[in-house]
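These protein sequences, in sequence, are chains A and B.
Numbering that gives the first Met the number 0 numbers the first residue of the first sequence as 0 and each following residue consecutively.
Numbering that gives the first Met the number 0 numbers the first residue of the second sequence as 0 and each following residue consecutively.
Number of protein chains: 2
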Amino acid sequence: MPRYMDIHDGFVGVTQEQFEEAHRHDLAIQDEEGVSFDQAWLDPATGRAFCLSTGPWGGGGMRIHERAGHPTEQVYELAVEVS
Amino acid sequence: MPRYMDIHDGFVGVTQEQFEEAHRHDLAIQDEEGVSFDQAWLDPATGRAFCLSTGPWGGGGMRIHERAGHPTEQVYELAVEVS
Chain A
0 MPRYMDIHDG
10 FVGVTQEQFE
20 EAHRHDLAIQ
30 DEEGVSFDQA
40 WLDPATGRAF
50 CLSTGPWGGG
60 GMRIHERAGH
70 PTEQVYELAV
80 EVS
Chain B
0 MPRYMDIHDG
10 FVGVTQEQFE
20 EAHRHDLAIQ
30 DEEGVSFDQA
40 WLDPATGRAF
50 CLSTGPWGGG
60 GMRIHERAGH
70 PTEQVYELAV
80 EVS
């Protein structure tokens, strides 16, 4: 299934606890779009967050983020990956 | 040790093989800055790549990327993380 990275801006000063809370809102409804939010990271100094997900299409994760209260339009389909 | 995400632009149409080759150049010299490049992803349609690393400071990874031939100045320190 395709993997996606999305970027959120504007999370300056957000704490670990607040970020986990936001993530929980995604997890609670992700099944409704067949999405799995796998990992997420935040740089609280710049307010930029990164969210790695898998799902049938990129729009599904964006719908979940929007419904969870933190919409973004910056999403990238990761057709190439190394680890 | 701090974790970092860096962004590279301009990799439109880069293949899995080419991306792995670029990554190998990083891995070959990463120890010289005490950096570990852990994962990397690419959206070849937009040319944007994401690179997750750990290291003593963000500049170390950027030095490695520069020496490996793919410099970037877009680096974020990921003080907050969920998985």
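Think of the CB as a built atom: it goes at the ideal place given N, C-alpha and C, for glycine as much as any other residue.
Residue j beta carbon less than 8 Å from that of residue i
| i | j | result |
| --- | --- | --- |
| B/ASP55 | B/MET4 | Per the sequence shown, the amino acid found at residue 55 of chain B is Pro instead of Asp. Their beta carbons are not under 8 Å apart, which means B/PRO55 does not touch B/MET4 by this criterion. |
| A/THR53 | A/ARG2 | yes |
| B/ILE28 | B/ILE63 | yes |
| A/VAL81 | A/GLY57 | no |
| A/HIS24 | A/PHE36 | no |
| B/LEU51 | B/GLN38 | yes |
Short CB-CB distance (under 8 Å) between residue i and chain A
| i | result |
| --- | --- |
| B/VAL79 | yes |
| B/GLU72 | no |
| B/HIS22 | yes |
| B/ASP8 | no |
| B/VAL13 | yes |
| B/GLN29 | no |
| B/GLU19 | yes |
Interface residues of chain D facing residue i [CB-CB closer than 9 Å]
| i | result |
| --- | --- |
| B/THR45 | Of the protein chains in this structure, namely A and B, none is chain D. |
Cutoff 8 Å: residue i Cβ touching any chain B Cβ
| i | result |
| --- | --- |
| A/MET4 | yes |
| A/SER82 | yes |
| A/GLU32 | no |
| A/TRP40 | yes |
Beta-bridge pairing of residue i - partner residues as DSSP gives them
| i | result |
| --- | --- |
| A/THR14 | Note: A/THR14 sits in no beta bridge, so no partner. |
| B/VAL74 | B/ASP5 |
| A/VAL79 | B/LEU41 |
| B/LEU51 | B/MET4 and B/GLN38 |
Whole-angstrom C-beta distance between residue j and residue i, which should lie under 8 Å
| i | j | result |
| --- | --- | --- |
| A/GLU32 | A/GLY59 | 4 Å |
| A/PHE18 | B/VAL79 | 5 Å |
Is the segment 0-13 of chain A in contact with the segment 41-51 of chain A, if contact means three or more CB pairs nearer than 8 Å? yes
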